[in-house]
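Data first, discussion second: the structure below is written as structure tokens.
Numbering (this note's numbering), first residue to last: -18 to 337.
Next comes the structure, spelled out in structure tokens:
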């Protein structure tokens, strides 16, 4: 049996499909995780995808027997690998089973140019699980508490749909508009937010999503923890260029709906990290190397600040910081060393000719 390193490798084996969907006994697959524990994750993803493909095809062709159902799926998958374009009925799977597809099924998942919107996403999901929709017609945010203890602060003119009870392996909600999420941590059950063209995946963190359907951009801003943001049209974690971006505190992901480009930047007003004690916000420096001051700011905000250590080795400054915004602090440092700074890919780069 050939190497089993990807979801596709498993789906290429009829014995695996029969084992998953027809419950046929097979000692090899029964004992696979015991023999290859390092492949447990990809193995389980293949199982979920095999089940999902079967369910979609069965819904479309309920009169076919199991053999013909999988034959249809196999033909569609082979066509997809050749053309790199998914058949229409399998495209539904991309939105409906993003948890599985994020593991990487083929080289590309490409959806038609029709925009992905809240209404279509909700309709697709409701075929499997009833959703509750909440709309905020008030002027102030309203708070929603989910069954797992996660809290959503829904902004005005926004709406969100969520199930009464989450599925066994994931927690999924759908957003149109803006909301702040404070997600209960559960490593075994990731939390997914579908917001038009992008998907945000977290385990337990707090972040804000702004995804109004008429806006040119969709943004995800992280307050605490770490999130993964994906473009729904292209999902394959085996390809580094398509697996999306990872965001940490004080970073935001920006999806350009016209170009479909997904990038990251710093939030407008970076804040000290949540795990930093307030007493450490006030910083006093007396005749210290500027590099020490820069590194202190980088640690306080969790932001990478790049500078030329050798060029700034003779720069010594005296200053005091209190509650000023980060950009004001950077402006002061650059003024003292005759330099300037710029932001590139959620990082700060300080440029200076140095000090004499």
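Note that the Cβ used here is the ideal one computed from N, Cα and C, for glycine as well. Owing to the predicted nature of the structure, the values given are computational and were not obtained by experimental measurement.
Please determine, among 257, 112, 233, 264, the residue with the shortest C-alpha to C-alpha distance to residue 250.
-> It is 233.
Can you tell me whether DSSP reads residue 248 as helix, strand or coil?
-> In the three-state reduction of the DSSP assignment, residue 248 falls in the coil class.
Pull up the DSSP beta-bridge partners for residue 328, would you.
-> According to DSSP, residue 328 shares a beta bridge with 325.
Find out if the Cβ-Cβ distance for the pair residue 254, residue 283 is shorter than 9 Å.
-> A contact, by the Cβ cut-off of 9 Å.
Along the chain, where does the alpha helix (DSSP H) that runs through residue 163 open and close?
-> Secondary structure note for residue 163: it is in no alpha helix (DSSP H), and the uninterrupted beta strand (DSSP E) holding it is 152 to 163.
Assigned secondary structure, residue 228 (DSSP; H/G/I helix, E/B strand, else coil) = DSSP places residue 228 within a strand segment (E or B) once states are collapsed to three.
Secondary structure of residue 126, DSSP reduced to three states = The three-state reading of DSSP puts residue 126 in strand, counting E and B together.
Please state whether DSSP places residue 1 in a helix, a strand or coil.
-> Three-state DSSP puts residue 1 in a helix.
List the residues that DSSP assigns as beta-bridge partners of residue 302.
-> Bridge partners of residue 302: 264.
Given a cut-off of 9 Å, decide if residue 186 and residue 204 are closer than it, judged by their beta-carbon atoms.
-> Yes, the pair counts as a contact, with Cβ atoms nearer than the cut-off.
CB-CB under 6 Å to residue 292, same chain, minus the five flanking residues each way: which ones, in chain order?
-> Cβ neighbours of residue 292 beyond the five flanking positions: 335.
Nearest-angstrom Cα separation, counted from residue 278 out to residue 170 | Between the C-alpha atoms of residue 170 and residue 278 there is a straight-line separation of about 35 Å.
Secondary structure at residue 146, three-state DSSP: helix, strand or coil?
-> Of the three classes helix, strand and coil, the one that applies to residue 146 here is coil, per DSSP.
Cβ-based neighbour list, residue 268, same chain, cut-off 7 Å, excluding 5 preceding and 5 following = Excluding sequence neighbours, residue 268 sits near 297, 299.
Rounded C-alpha distance that separates residue 303 from residue 108 | Residue 303 and residue 108 have their C-alpha atoms some 54 Å from each other.
Note down the Cα distance separating residue 153 from residue 202, rounded to an integer number of angstroms.
-> Rounded to whole angstroms, residue 153 to residue 202 spans 19 Å at the Cα level.
With DSSP as the reference, label residue 135 as helix, strand or coil.
-> Strand at residue 135.
Please work out which residues of its chain come closer than 7 Å, Cβ to Cβ, to residue 242, disregarding the five sequence neighbours upstream and downstream, and give them in chain order.
-> Here the set comprises nothing.
Anyone know if the C-beta pair for residue 132 and residue 119 falls short of 9 Å?
-> At the C-beta level, residue 132 and residue 119 stay beyond 9 Å of one another.
Neighbourhood of residue 285 by C-beta distance below 6 Å, restricted to the same chain and skipping five residues each side = Apart from sequence neighbours up to five positions away, the residues of its chain that approach residue 285 with a beta-carbon distance below 6 Å are 328, ordered along the chain.
Can you have a look at residue 192 and say buried or exposed, based on whether 16 or more other CB atoms are within 10 angstroms of its CB?
-> Buried, by the Cβ-count rule.
CA-CA distance, residue 140 and residue 146?
-> Distance between the alpha carbons of residue 140 and residue 146: 19 Å.
Out of 142, 116, 15, 129, state which residue places its alpha-carbon closest to the alpha-carbon of residue 338.
-> Absent from the model: residue 338. The displayed extent of the chain is -18 to 337, so no value can be given.
Relative to the alpha-carbon of residue 9, which residue among 305, 238, -3 has its alpha-carbon at the smallest distance?
-> Residue -3 is the option with its Cα nearest to residue 9.
Quick one: is residue 160 buried, meaning 16 or more other Cβ sit within 10 Å of its Cβ, or exposed?
-> Burial call: buried.
Terminal residues of the beta strand (DSSP E) in which residue 112 lies | Residue 112 -> beta strand (DSSP E) spans 112 to 117.
Among 172, 175, 208, 240, which residue has its Cα nearest to the Cα of residue 198?
-> Ranking 172, 175, 208, 240 by Cα distance to residue 198 puts 240 first.
Same chain, Cβ closer than 8 Å to residue 316, neighbours up to 5 away in sequence not counted | Within the same chain, no Cβ atom closer than 8 Å to the Cβ of residue 316 is found once the five residues on either side in sequence are excluded.
From residue 123 to residue -8, what distance separates their C-alpha atoms?
-> Rounded to whole angstroms, residue 123 to residue -8 spans 45 Å at the Cα level.
With respect to the beta strand (DSSP E) encompassing residue 191, which residues constitute its N-terminal and C-terminal limits?
-> 187 to 192 is the extent of the beta strand (DSSP E) around residue 191.
Between the Cα of residue 237 and those of 229, 196, 168, spot the shortest distance and give me the residue it belongs to.
-> When each option's Cα is compared against that of residue 237, the closest is 196.
Identify whether residue 120 lies in helix, strand or coil by the three-state DSSP scheme.
-> It is coil, neither helix nor strand.
Note the first and the last residue of the continuous beta strand (DSSP E) segment covering residue 181.
-> Residue 181 -> beta strand (DSSP E) spans 179 to 183.
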